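Residue numbers (this note's numbering): 12 to 315. Think of the CB as a built atom: it goes at the ideal place given N, C-alpha and C, for glycine as much as any other residue. Every value quoted in this text rests on a predicted model; they were computed, and no experiment measured them. Quick notes on the structure that follows.
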């Protein structure tokens, strides 16, 4: 039995079709959810436990990233080949930025106030000025871009390049690639960074594996078999619990202690390939595309 208990199933609007990434804003308690094949952005208030808005006009929404310092939400709209810049107060689009064929994962470098967007099919990262909302440039990666994350310790932007099985490090000040690292797995796509403990957790779609990478040496320290199609990851730093959401309908749960992972259990729900966590309440959020013909947001509570 997974160390999770059901809190609620909240119905969501739109078609019973695929969701993608989520972004949690700890300053407001709002969770932003990309309803990819529903062409919308859902806004859920985790403190009030209610849906605030379901915004249409985001065709093929994949990546989403909230930047409270700028009062911005960035949304990758693959159907428009653009990134939407949304004001988090009015929830209105204030700019559309072109320059990516298939915009996907999004990261923010705070010192440079630049936004980095994976262009999966374009084999690049799009760079956007967070102040002016203008395209700064495009960084060629030499392969399909998986997710993109900022590492606050190294001050680099990391990108999973899934067709070359590499992690690429970008200097956000110069927008230059400063290093490439082989991952040793097939098709790394999703990943996240545990910056204080200098770890990266990488989900590999091609061989259904999870890697633990030491960011100091960039060596893989552990490998786990997971359910088919590992995609989105979430980490609760308080409980030191890692969640790996898989396309096949399994949420794999691990515990991190002293730089090592231990598998706890798995929670099964159809299409549970997107996960987010509130590090304060330790609640886990799974948008599920089709439960009884309707989409819903499943809220789970971590057992401590």
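Residues that DSSP places opposite residue i in a beta bridge
i           : result
residue 296 : 287, 310
residue 354 : The chain is shown only over 12 to 315; residue 354 falls outside these bounds and no answer can be derived.
residue 220 : 215, 236
residue 241 : 257
residue 61  : 56
residue 161 : 168
residue 199 : 215
residue 149 : 137
residue 120 : 125
residue 247 : 252
residue 155 : Looking at the DSSP assignment, residue 155 forms no beta bridge with any residue, so it has no partner.
Whole-Å CB distance - residue i paired with residue j, under 8 Å assumed
i           : j           : result
residue 43  : residue 19  : Incorrect: roughly 19 Å between the Cβ atoms, too far for contact.
residue 198 : residue 216 : 4 Å
residue 208 : residue 270 : 6 Å
residue 27  : residue 268 : About 39 Å separates the two Cβ atoms, so there is no contact after all.
residue 93  : residue 107 : 5 Å
residue 109 : residue 97  : Not confirmed; about 16 Å, so no contact.
residue 137 : residue 114 : 7 Å
residue 40  : residue 25  : Contact flag wrong, Cβ pair sits at about 22 Å.
residue 200 : residue 233 : That pair is no contact at about 19 Å.
residue 221 : residue 194 : At roughly 11 Å, the Cβ-Cβ gap does not stay under 8 Å, so residue 221 and residue 194 are not in contact.
residue 196 : residue 181 : The pair is not a contact, with the Cβ atoms about 21 Å apart (cut-off 8 Å).
residue 202 : residue 158 : 6 Å
residue 311 : residue 297 : 7 Å
residue 264 : residue 277 : 7 Å
residue 169 : residue 212 : Residue 169 to residue 212, Cβ: 12 Å. No contact.
residue 14  : residue 313 : 6 Å
Simplified DSSP state of residue i, which is helix, strand or coil
i           : result
residue 52  : strand
residue 88  : strand
residue 135 : strand
residue 226 : coil
residue 206 : coil
residue 81  : helix
residue 231 : strand
residue 108 : strand
residue 301 : strand
residue 265 : strand
residue 26  : coil
residue 75  : strand
residue 93  : strand
Host beta strand (DSSP E) of residue i (start-end)
i           : result
residue 113 : No beta strand (DSSP E) contains residue 113, which DSSP labels as neither H nor E.
residue 46  : 41 to 46
residue 194 : No beta strand (DSSP E) contains residue 194, which DSSP labels as neither H nor E.
residue 35  : 33 to 36
residue 16  : 15 to 22
residue 272 : 271 to 279
residue 125 : 125 to 130
residue 99  : Element bounds for residue 99: n/a, residue is neither H nor E.
Short CB-CB distance (under 8 Å) between residue i and chain C
i           : result
residue 285 : Judged by its chain identifiers, the structure shown contains no chain C, having just a single protein chain.
Residue i Cβ short of 7 Å to the ligand ZN heavy atom set
i           : result
residue 147 : With respect to the ligand ZN, the structure shown offers nothing to examine, as it has no ligands at all.
Kindly confirm or deny that the region 65 to 73 and the region 39 to 57 touch, where touching means at least three C-beta pairs closer than 8 Å. yes
For the pair the region 275 to 287 and the region 29 to 38, tell me if three or more CB-CB distances fall below 8 Å. yes
Are the region 181 to 191 and the region 145 to 154 touching by the rule of at least three beta carbon pairs closer than 8 Å? yes
Determine contact between the region 56 to 64 and the region 108 to 124, defined as no fewer than three beta-carbon pairs at a distance below 8 Å. no
Taking 8 Å as the threshold, find out whether the region 258 to 266 comes into contact with the region 235 to 244 through three or more Cβ pairs. yes
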